[in-house]
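J.: One structure coming up, written as structure tokens, with questions to follow.
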Amino acid sequence: MRKFFMSLALAAVSLSVSTAFAQQKQTEGNVVAYFGEEEKIAVHEGYVLHQFSEGFFVDSKLNYGRVPIAQDFLAKQIFDGAFNKPAQGAVAGVTKDGETVSWEMINASEDQFFNNEALRTGHLYLSYESDKEQVALMEATANTVTFINGMPHEGDHYNFEWSLVPFHMKKGNNDFLLTGGRFNKMKARIIIPDQPVQFTKRDVTLPDLILEEEGQKWGAIRIINSTNNSLKGYTLSAKANGEEIVSKISVISPMSVRKVPFQVEDIKGGDEGELSLVLTLKDAKGVVLDIAEMEINNRTKHKHHERTFVSDVDGSVQYYSVAPSTDKSSKNQAMFLSVHGASVQATNQSRAYAQKDWGFVVAATNRRPYGFAWEDWGRMDAMEVLADAEQLFETNPQHTYLTGHSMGGHGTWYLGATYPDRFAAIAPCAGYPELLSYASNHVMYKHATGKIGEGAVAAMFDRAQNPTKTKQLGRNYLQSGIYIHHGSDDTVVDVELARDMRNFLGQYHTNFVYYEYPGGTHWFGNESVDWNPIFNYFKWHNNPDSKDVNHIEFVTGSPSVSASNHWITIQQQETSFEYSKVDFVKEDHITGTTENVKTIVFDLAKANMDQNTVIDIDGQKVEVAPAEDQVVLQKQSDKWIVINAVNEDEKSPARNGGFRSSFDNRVVLVYGSKGSKAEREWYYNKARFDAETFWYRGNSTLELVKDVDFNPKKYQDRNVVIYGNANTNTAWNKLLKDSPVQVKNGKITIEGQTMSGDNLGAYFVQPRKDSKVASVGVVAGTGIKGAKAGFANQYFLAGPSFPDLMIFDDSMTTEGMKSVKVSGFFGNDWSVENGDFAWKEAL
């Protein structure tokens, strides 16, 4: 067995750059070590005003884990103005399980951490008495949410030590409430910034410059705006070994930190090693505000290296890592997409593989070391990386393979089932098939996973998860070869999960290999992933050209996740997010059956049907002229008819709903500026909180726009998320005037039915009427109570899923699913009338 020469879990973090691949230090380690544990980042943004050393904690049995609704009774107290400053032995409140719990004093240890096992599911309260008002930065570590004087902000769930939140410190007492999560420890300090606008080198994304290439490459760095003004017209210039490149910066909102893209010039030649990269920040008048210097790698493309690209999800800069082929000249080589485990950086994932002589190993990032478990935005990242790398390296799509370890083993099971026509063979290593079933039974995650709830309302949330239920998609595996690789003594991902999948496949699949590595634990060296028999198995398998595919059996939970398989596309479902299935055979004509399919497209050109074609669908024969490259069939009154094209105003793979889908397609967040002072402050903070969370968990960059500054033409064909209702956000009537759900002060109207009160809130998604592809998401309340009830952005977590619509009241932070009044899915025409909704009670 080769010695594991580089930790897959820990990318080096220098004092100047916190990006995993900025320095490429190699260390010994284990695949499941925590990212960020080896080195810590010094304070470069200012000076430490206060390091918290004493406070109060309570085991409040809260859950911000893999559930769609977080329950936090102290958050409810804060929002209701009922929170009292803790004292030793004072009652904190009643948990979701009905237990009365009390505050206890706690002191930090020498390493400045507060340590107690109860902090995993509890709260830590801290306070600071200030002798004046001033702007400060809150740095909290190893917590999930940070409440600063009553407003929620993203914490530091994975202990990366990246968190910096600008806030206005009051004269007198300032309250900080930290929620627990992954760790039994937390720490916090207050920093006074050196200057109002500055770079922070925590979490920089850099490409490698390539000796053999020239042109511009993408990077990203965070900018702190600790002023009350939006930063407009600013520029960021970058210079390494080439010309200085000036990049325009889009708006950075007041009192926020945003990661912004920039470009750096790459020129051919030079020596391998590190170069100096200088970044310069200038305001709209050209005044230099800050300069950041760091090292950037100059590498050959023929050795392991890192690449960057701009994501279509949000315009952020993402990276992937490459173990290039040793064949330096041939085109049409193989592509091996490798997906990493939890805590692992892609840069180290690729370095666990020796270079191959017949293809490229490309390691995607999942957007972060933990990211989204290769679901949702993690899934999108994997497929964006695959597309970028295929184009760059000109690989052969018939020789594209998928593999991964641990969480990436799950990613392999999931992506392989979701996109069965993309991979000739897959190899899950130490993987679990489904995230929630694994997490709910694992000792580390069990406290952070729970049942969605009982009843029809909760069932809509469970239905929204259907696209991620791997076994339900299992018939899709028939198109790929499968090699299951697992250590016999794995205690992290139990080998019984692999054995279960072996038995599952054994019922119907005839092309898979199962191998247990004798005595292998979760990680037993590079052979945990770089196992020669896997790559030998890959060599035996080709992905057929679509014209050569004569049988398609395909299952999808949603066309927006996976719609196409070779020459068939499921364009619309009869019932949203229930499983749609097709089974068709191509001979002289096409014959087959469908389940839960409303509209289907047959690509006859891909199928190479060169004569008059008959499609026999569900026992009905439809004749098609040979000139037709594509045939669109739609079921109307239980009869299939040919239509010219799909109505792009209706649901389609481009926008099929599920609230989380709002945060895609270069999304922009538009916050309301009308209403009371409390409402204006809340909706801005909620939009900022969402941007903070998506950055932390997904390496994102989201633009916040004030409603009065929002011009639909400027953001054409981009998704928009509106924060506020029709009275508090002026963008509402520009985008949602005709929505079947209307939220106003004091009421929510649904197709003529009215729910009244100032304590109601809603999340929902609708199509953007001025676009054929874009959606509008809504985070709204009928008043400040309803708005605050929807504070927890569980929609950015790996695991929980959301239907098109949910309406709730202000008991949600304590009662969970019981507070949801309505949930469900709009019809294909985006109406309530033709949709499917569950109501807690009749109106």
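For the sequence shown, the residue numbers in mature numbering (1 follows the signal peptide of the UniProt record, and there is no 0) are -22 to -1, 1 to 821. The beta carbon of each residue, even a glycine, is placed where N, CA and C say it ideally should be. Since the model is a prediction, treat every value here as computed from it, not as a measurement.
Please state the DSSP three-state secondary structure of W618.
T.: In the structure shown, W618 sits in a strand (DSSP, three-state: E or B).
J.: Tell me, please, which residues DSSP counts as bridged to S525.
T.: With the sequence shown as reference, residue 525 is identified as Lys, and Ser is not the correct amino acid for it. Paired residues: none, contrary to the question.
J.: What distance in whole Å lies between the Cβ atoms of I202 and V229, which are believed to be in contact at a cut-off of 8 Å?
T.: In fact, because the Cβ distance is near 15 Å, the residues do not count as touching under 8 Å.
J.: Confirm, please, whether the CB-CB distance from M790 to A740 is below 8 Å.
T.: no
J.: Sort E657, Q694, T679 and N677 by Cα distance to G759 and report the nearest one.
T.: E657
J.: State whether the stretch 28 to 41 contacts the stretch 66 to 84, with contact taken as three or more CB pairs (one from each stretch) at a distance under 8 Å.
T.: yes
J.: V579: buried (16+ other C-beta within 10 angstroms of its C-beta) or exposed?
T.: buried
J.: Distance check for K334 and S307, CA to CA, integer angstroms please.
T.: Computed Cα separation, rounded: 14 Å.
J.: May I have the straight-line CA-CA distance separating E362 from W196, to the nearest angstrom?
T.: 15 Å
J.: Report the residue from K750, D561 and I762 whose alpha carbon sits nearest the alpha carbon of G650.
T.: I762
J.: Would you kindly check if the distance between the Cβ of E132 and the Cβ of T679 is under 8 Å?
T.: no
J.: Leaving out five residues on either side along the sequence, give the residues of the same chain with a beta carbon under 6 Å from the beta carbon of G794.
T.: I47 and Q49
J.: If contact is defined by three or more beta carbon pairs under 8 Å, each pair taking one atom from either stretch, is the stretch 202 to 217 in contact with the stretch 171 to 180?
T.: yes
J.: Going residue by residue through the stretch 173 to 210, where are the continuous beta strand (DSSP E) segments of at least 3 residues, counting only ones entirely within it?
T.: 175 to 183 and 193 to 203
J.: Check whether the Cβ of P239 lies closer than 7 Å to any heavy atom of the ligand SAM, and answer yes or no.
T.: This structure lacks the ligand SAM, and indeed carries no ligand of any kind.
J.: Tell me whether G159 is buried or exposed, calling it buried when 16 or more other Cβ atoms sit within 10 Å of its Cβ.
T.: buried
J.: Quick check: F555 and R638, are their CB atoms within less than 8 Å of each other?
T.: The answer is no: Cβ separation not under 8 Å.
J.: Are the beta-carbon atoms belonging to N151 and E95 less than 8 Å from one another?
T.: no
J.: Report yes or no: is there a C-beta of chain C within less than 8 Å of the C-beta of K260?
T.: Absent from the structure: chain C. Only one protein chain is present.
J.: Can you name, in chain order, every residue of its own chain whose Cβ lies under 8 Å from the Cβ of D782, other than the five neighbours on each side?
T.: Correct list, in chain order: S554, G635, G636, F637, F742, V743, G802, F803, F804 and G813.
J.: Given A632, which residues of its chain have a CB within under 8 Å of its CB, disregarding the five upstream and five downstream residues?
T.: S538, E626, K750 and V751
J.: Assign F815 to one of three DSSP states: helix, strand, or coil.
T.: Strand, per DSSP.
J.: For the stretch 394 to 411 against the stretch 375 to 384, do three or more pairs of beta-carbon atoms, one drawn from each stretch, fall closer than 8 Å, so that the two count as touching?
T.: These segments touch.
J.: In angstroms with no decimal places, state the Cα-to-Cα distance between residue 843 and D642.
T.: There is no way to answer for residue 843, as the model of the chain reaches only from -22 to 821.
J.: Going by alpha carbons, who is nearest to N528 out of I512, S542, V756 and V563?
T.: V563
J.: Output yes or no for whether 8 Å exceeds the beta carbon distance between I700 and V756.
T.: yes
J.: For residue 902, which of helix, strand or coil comes out of DSSP?
T.: Any question about residue 902 goes unanswered here, given that the chain covers just -22 to 821.
J.: In the DSSP assignment, what are the bridge partners of S753?
T.: Paired residues: P745.
J.: Measuring straight from C-alpha to C-alpha, what distance separates F287 and E505?
T.: 30 Å
J.: Where do the N-terminal and C-terminal ends of the beta strand (DSSP E) with K165 fall, by residue?
T.: It spans K163 to P171 - the beta strand (DSSP E) in which K165 sits, taken as one unbroken run.
J.: If you check the beta carbons only, do F91 and M164 fall under 8 Å apart?
T.: yes
J.: Measuring only the C-alpha atoms, how far is K818 from K796?
T.: Straight-line spacing of the CA atoms in K818 and K796 works out to 8 Å.
J.: What are the boundary residues of the alpha helix (DSSP H) that D354 is part of?
T.: Counting along the chain, D354 falls outside any alpha helix (DSSP H), and DSSP gives it neither H nor E.
J.: What does a CB cutoff of less than 6 Å around Q772 pick up in its chain, not counting 5 residues either side in sequence?
T.: P46, A48 and P778
J.: Sort A704, E552 and A405 by Cα distance to Y515 and report the nearest one.
T.: A405
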